[in-house]
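J.:
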Amino acid sequence: MAVRLEKTDVVIVGLGAVGGVAALPLTTAGLKVTALEAGTWLSRADFAPDELRNNVRGWPRSAQKANKEIPVHRPNASAPDSPRQSVHPMMNAVGGTSLHYWGLSFRLNPWDFKVAGETRRRYGASRIPKGSTVEDWPFDLAELEPYYDHAEYALGISGQAGNIRGKIDARGNIFEGPRQRAYPMPPLKGTGFTDLMASAARRLEWHPFPGSAAVNSEPYENRAACVYHGFCSRGGCHVGAKSSTAVSTIPKAQATGRLNVVTEAHVTEISVNGDSAVNGVTYLKDGEFHFQPAAVVLLATYTYENVRTLLLSKSKAYPNGLSNNHGQVGRHYLSHNTGAGVLALFPSSLNTWYGLPAQGIAVDNWADDNFDHAELDFIGGGNLWVYTERHPIAAAKMNTFGRAPRWGSRWKAFIKESADRWTGSYLQKTTLPYEDNYLDLHPTVRDPLGFPVCRITADFKDNEKRAASFIQDKMVQWFMEAGAVETVRQSIGTMGPTTHAYGGTRMGDDADTNVVDRWGFSHEAPNLGILGASVMGTSGAHNPTLTAQALAWRTAAHLIENWRTISS
Amino acid sequence: MTAGNETPRHNVSRRELLKRVILGAATVVPASFVTGATSAQESFETLTSAEAATLEAIVARLIPTDENGPGATEARAAYYIDRALGDALAPSRKAYTAGLAAVDALARRTKNATFARLAPQEQDDILQEMESGHAAGFTPNSSKFFEFVRTHTLEGTFCDPHYGGNAGFIGWDLIGYPGIRIAVTADHQRLGQSPRPLHRSAYDFERFVKEVLRRGR
């Protein structure tokens, strides 16, 4: 028998990057919120600058719920499972993966909301790739803009605006949609290397701009500015400069006195009343099941766990999993096409040991539909990103660019000279949903409680491969213009578990093809909201987190405005 | 400062040798290191002495002690691997047992001596064969074990000394990594600048705890 707890207004499952945002407007509006988090609180003392622990062994590893339920990938329904990853790409803690992510916080561009419609209009319906289930979002960028703005200011995002109310500023991204005001902080400072790359981009007549980041470029709301020490990737911030929800929106929500945080709560099921509405959440803590009744449930774990939790929550009303009577849970899955990078070797040291992956230079000239695709054989494109932060083990593991063997004295001489002369690039390319890319439950692989783990069936299609190749050409061109002496193209890889996973509970007006409505609430269970990139139907060419956070805020705002209807 | 020398049983002469390497300029290397005349006499925590001798000989060829200074031997990469096999790399312990035995069996079969007793060129021949994946006697294949050892040797040579490798910051100095700084200035990130190397483990900074994930508050 589960311990039955006192009813709360809203229960949020997962207090991470999106749950941690939604908690703020809800508690500010006077609602009582209980947040169930699988991880614990972490403090600045936990964030040691330790490459082996953070980046090689996959920190934090022990006691992580996520690491006991790592999704299993296979490229297609008739292929065997791929080797299983040993570490989950996401982490459990208050603040979730916003603790140790790169923090790149771009908005999506206007085209990303209208991929299907704009492609038909500009190039004809035949240009939408065969088998793709892409739909336009139910609203455009302008509709989401106020919530981007709320999130940017509540979290603390640094960056350079490129378009304020239609006025273009060439220091920022000239391709971005209109924003109502500047970022709350200026961009992170540049370095010798980023200046070198920005100059090269300008010579190519491209439009380089500094990244926008959930990292303080100057003190913000009593938190320190970034100290650029070089352990940001998969490392939390020891001075509190990274604007994770754990140090920004969650403490603000706690200050209202209406946020109850339950850590080490392992949620196993969302239950229903008997009719279509949900009535609470069951979780395991300290070896005992608890039932938390709530008027509204917001599911905010991560794409894989959002889908898995729904599929595991079976009832008379939902025999195939919660909110899955239309068979859409797990469908329209995509993971961002971020493989297929380019490595470059330069003739002298780049001095990129320090800094952070959010300190860099972006180019959007080849993203989305910012260039003419009439003569091309794909739609979409990619953001080009170069950045700082180099760790010694990764530096020594460098690609040898065909100039040395991989060990021995000649290799040693090569890395002694070259360890700081190479760099990678992060190329986020348009990825579309397809009929045969989906998530479901694995038939045999189970977590320690005996529940099946999530299974990913997905592979890159021709459109993604062609876009990747095109974007790699552009990146090679950029590196060579900047003085590189050698480049290497990396393979596109597989669509295994990733930090950029979208879909599975897609948002749209049509209940036959989408799990949640335009507000993020289930088409079937009216008091169940779903937060995270699992509601996104397109990837765009930029990191998902800020968009997922803006959507979470919007869902929370809708709930507040319609509390009586949704909660009854 | 830690240099990762947690085991209390160092023999003095080795310690002295290490010190000479660390203090000496990178270009001056004692002849004893160049000839690979190191011993596996120190006690290992996880590996048998035969396994340790083979592993030490392998890492010495992967990152040799040469005109570019000390290598994996002086960085104590084998000791890093040994300790990790009882800890974070414990799932790999069986692979090492089988792999190191296969290396010695291959050496005996083709060169009539254990791997550690072969001349450097003969050792390189065997490692190349392993790297190619064509060496017999390995499961599933020799390149898999080769990559395993290479990866862990790199970790043991370039990791934070807290883990028992990168002794004397040999690895970081080799590639010019300027070390862990708690805060970094704009000058530290300019082209043409070489920040002064700092020799500190992350855990020399008292602000950081080694264990993560305490109970929630």
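In order, the protein sequences belong to chains A and B. Taking this note's numbering, the leading residue of the first sequence gets 1232, the next gets one more, and so forth. Taking this note's numbering, the leading residue of the second sequence gets 2, the next gets one more, and so forth. Here a beta-carbon is modelled for each residue, glycine too, at the ideal position from N, C-alpha and C. All figures in this text were calculated on a predicted structure; none of them were measured in a lab.
(1) Would you decide whether ASP1600(A) is buried or exposed? Buried here means 16 or more other CB atoms lie within 10 Å of its CB.
(2) For a contact defined as C-beta to C-beta under 7 Å, what are the partners of GLY1586(A) on chain B?
(3) Based on the DSSP secondary-structure assignment, which residues constitute the bridge partners of SER1566(A)?
(4) Check the DSSP bridge columns for LYS1473(A) and list the partner residues they point to.
(5) Hey, LEU1386(A) and SER1474(A) are a contact pair by Cβ (cut 8 Å); roughly how many whole angstroms apart?
(6) Which residue marks the beginning of the alpha helix (DSSP H) containing ASN1694(A), and which one marks its end?
(7) Report buried or exposed for ASN1551(A), applying the criterion of at least 16 other Cβ atoms within 10 angstroms of its Cβ.
(8) Quick one: is TRP1616(A) near chain B, going by C-beta distance under 8 Å?
(9) Going by C-alpha distance, which of SER1309(A), VAL1365(A) and PRO1291(A) is nearest ARG1562(A)?
(10) Relative to chain B, which residues along the segment 1274 to 1294 of chain A have a C-beta separation below 9 Å, given in chain order?
(11) Scan the segment 117 to 139 of chain B for residues whose Cβ lies nearer than 8 Å to a Cβ of chain A and list them as they occur along the chain.
(12) Please report the distance separating the alpha-carbon of VAL1252(A) from that of MET131(B).
(13) List the residues of chain B whose Cβ lies closer than 8 Å to the Cβ of PHE1424(A), in chain order.
(14) Using 8 Å as the limit for Cβ to Cβ distance, is PRO198(B) near chain A?
(15) Can you tell me whether DSSP reads ILE1399(A) as helix, strand or coil?
(16) By the three-class DSSP mapping on this structure, what secondary structure does ASP1240(A) have?
(17) Exposed or buried, which one is LEU1339(A) when buried takes at least 16 other CB atoms within 10 Å?
(18) Residues of chain A with a CB under 9 Å from the CB of GLU75(B): which are they?
(19) Are the segment 1264 to 1278 of chain A and the segment 1236 to 1251 of chain A touching, with three or more C-beta to C-beta distances below 8 Å?
(20) Kindly say whether ILE1481(A), judged by its beta-carbon, lies nearer than 8 Å to any beta-carbon of chain B.
(21) Taking ILE171(B) as the query, report the chain A residues whose CB atoms sit under 7 Å from its CB, ordered along the chain.
(22) In chain B, which residues lie less than 7 Å from PRO1623(A) when you measure between Cβ atoms?
(23) On the DSSP letters alone, give me the boundaries of the alpha helix (DSSP H) that ASP1277(A) sits inside.
(24) Comparing alpha-carbon positions, which option in ARG77(B), GLU46(B) and GLU148(B) lies nearest GLY157(B)?
(25) If you follow the alpha helix (DSSP H) that TYR1378(A) is part of, which residue opens it and which one closes it?
(26) Which residues share a DSSP beta bridge with GLY70(B)?
(27) Could you give the residue range of the alpha helix (DSSP H) that holds LEU1529(A)?
(28) Cβ of ALA1391(A) within 8 Å of Cβ of PHE1440(A)?
(29) Taking buried to mean at least 16 other C-beta atoms within 10 Å of its own C-beta, is SER133(B) buried or exposed?
(30) Check each candidate in THR1487(A), ILE1395(A), SER1722(A) and ALA1431(A) and name the one with the smallest Cα separation from VAL1617(A).
(31) Does the beta carbon of GLY25(B) come closer than 8 Å to any beta carbon on chain A?
(32) Check the Cβ-Cβ distances between VAL1458(A) and every residue of chain B, and say whether any is below 8 Å.
(33) I need the straight-line Cα distance from PHE1370(A) to LEU1335(A), nearest angstrom please.
(34) Under the DSSP definition of a beta bridge, which residues are partnered with PRO1683(A)?
(35) Checking contacts by CB at 8 Å: is VAL104(B) closer than that to chain A?
(36) Within this structure, are the beta carbons of ARG151(B) and TRP1653(A) separated by less than 8 Å?
T.: Looking at the atomic coordinates:
(1) ASP1600(A) should be labelled buried.
(2) The contacting residues are GLN190.
(3) DSSP output for SER1566(A) lists ALA1732(A) as bridge partner(s).
(4) DSSP, once it has assigned bridges, lists VAL1446(A) as partnering LYS1473(A).
(5) Correct: roughly 4 Å between the Cβ atoms.
(6) Taken as a continuous stretch (DSSP letters only), the alpha helix (DSSP H) holding ASN1694(A) covers 1693 to 1712.
(7) ASN1551(A) comes out exposed.
(8) So no, TRP1616(A) is outside the interface.
(9) Sorting SER1309(A), VAL1365(A) and PRO1291(A) by C-alpha distance to the C-alpha of ARG1562(A) places VAL1365(A) at the top.
(10) Cβ contacts with chain B: SER1274, ARG1275, ALA1276, ASP1277, PHE1278, ALA1279, PRO1280, ASP1281, GLU1282, LEU1283, ARG1284, VAL1287, ARG1288, TRP1290, PRO1291, ARG1292, SER1293 and ALA1294.
(11) Taking 8 Å as the Cβ-Cβ cut-off against chain A, the residues of the segment 117 to 139 of chain B that qualify are ASP125, LEU128 and GLU132.
(12) Cα-Cα distance, rounded: 52 Å.
(13) Those are GLN190 and LEU192, listed as they occur along chain B.
(14) By this cut-off, PRO198(B) is not an interface position.
(15) ILE1399(A) falls in the strand class under three-state DSSP.
(16) Reduced to three states, the DSSP call for ASP1240(A) is strand.
(17) With 16 or more other Cβ atoms within 10 Å, it is buried.
(18) Under the 9 Å cutoff, chain A gives no residues; its nearest Cβ is about 13 Å from GLU75(B).
(19) Touching, yes.
(20) ILE1481(A) does not count as touching chain B.
(21) What ILE171(B) touches in chain A: nothing, since even the nearest Cβ is about 11 Å away.
(22) Close partners of PRO1623(A) in chain B (Cβ separation under 7 Å): PHE159, GLY172, TRP173, ILE176 and TYR178.
(23) Taken as a continuous stretch (DSSP letters only), ASP1277(A) belongs to no alpha helix (DSSP H), as it is neither H nor E.
(24) Of the candidates ARG77(B), GLU46(B) and GLU148(B), the one whose C-alpha sits nearest the C-alpha of GLY157(B) is ARG77(B).
(25) Note, TYR1378(A): alpha helix (DSSP H), 1372 to 1382.
(26) GLY70(B) is bridged to ASP67(B).
(27) According to the DSSP assignment, LEU1529(A) belongs to no alpha helix (DSSP H) but to the beta strand (DSSP E) extending over 1519 to 1530.
(28) Rather than Ala, the amino acid found at residue 1391(A) in this sequence is Gln. In this structure, GLN1391(A) places its C-beta atom within 8 Å of the C-beta atom of PHE1440(A).
(29) Result: exposed.
(30) The shortest CA-to-CA distance from VAL1617(A) to any of THR1487(A), ILE1395(A), SER1722(A) and ALA1431(A) is the one to ALA1431(A).
(31) Below a pLDDT of 50, predicted positions are generally treated as unreliable, and GLY25(B), at 40, falls in that range; no measurement from the model is reported.
(32) Nearest CB-CB separation between VAL1458(A) and chain B: below the 8 Å threshold.
(33) Put simply, the backbone Cα of PHE1370(A) is about 24 Å away from that of LEU1335(A).
(34) ARG1677(A).
(35) So no, VAL104(B) is outside the interface.
(36) No, these two residues do not count as a Cβ contact at 8 Å.
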